[in-house]
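Participant: In terms of this note's numbering, the sequence shown has 955 at position 109, counting the first letter as 1, and numbering is strictly consecutive.
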Amino acid sequence: MRYIYETMYILRPDLGEELTDAAIAKYQGLLQENGVTTVETQHRGKRRLAYEIGKHRDGIYIQMNYECDGSQVAPLERAMRLSEDVIRYLTIKQPVREVEEEEEVEATA
847 MRYIYETMYI
857 LRPDLGEELT
867 DAAIAKYQGL
877 LQENGVTTVE
887 TQHRGKRRLA
897 YEIGKHRDGI
907 YIQMNYECDG
917 SQVAPLERAM
927 RLSEDVIRYL
937 TIKQPVREVE
947 EEEEVEATA
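1) Can you tell me where the beta strand (DSSP E) holding Thr853 begins and where it ends?
2) How would you write the range of the alpha helix (DSSP H) that Gln918 sits in, first residue to last?
3) What first and last residue would you give for the beta strand (DSSP E) that runs through Val872?
4) Using the Cβ count rule (16 or more neighbours within 10 Å means buried), how would you classify Val882?
5) Among Thr937, Arg858 and Met926, whose alpha-carbon lies nearest the alpha-carbon of Tyr912?
6) Which residues in the same chain have their Cβ closer than 8 Å to the Cβ of Gly905, if we skip the five residues on either side of it in sequence?
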């Protein structure tokens, strides 16, 4: 079964625009190398953190949404864990709703 995954990660605030774009491309490329075809990325910009993380008060927020079977998440999170540019990351999954289920709900309403 395929799921929709959402990975939100926070980059160090002292990275320049070029390094930020390189980090985004790195993680998108890692997913695509592992078989993910659709990756939607949203650059949320620099924001204030709720609490200090590793002497950083701000962070650059990036959100990636992609559909896969789950085996691609572990290599992505490992790469983020080993990177000094990533302050925090979080991945959540949601089951893909089938088109037939949506049609049944509309028919009963």
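The beta-carbon is built from N, C-alpha and C at its ideal position, and this holds for glycine as well.
Facilitator: Put simply:
1) Working through the sequence shown from its first residue, we reach residue 853 at position 7. Here the beta strand (DSSP E) through Thr853 covers Tyr849 to Leu857.
2) On the sequence shown, position 72 is the one that residue 918 refers to. No alpha helix (DSSP H) holds Gln918; DSSP gives it neither H nor E.
3) In the sequence shown, residue 872 corresponds to position 26, counting from 1. With the sequence shown as reference, residue 872 is identified as Lys, and Val is not the correct amino acid for it. Looking at the DSSP string, Lys872 is not in any beta strand (DSSP E); the run it does join, the alpha helix (DSSP H), is Glu863 to Glu879.
4) Position 36 of the sequence shown, counted from the start, is the residue given in the question as residue 882. Counting Cβ neighbours within 10 Å, Val882 comes out buried, since at least 16 surround it.
5) Looking up residue 912 in the sequence shown gives position 66. Measuring from the Cα of Tyr912, the nearest candidate turns out to be Thr937.
6) The sequence position of residue 905 within the sequence shown is 59, counting from 1. Ile856, Leu857, Arg858, Pro859, Lys892, Arg893, Leu895, Ile899, Ile933 and Arg934, listed in sequence order.
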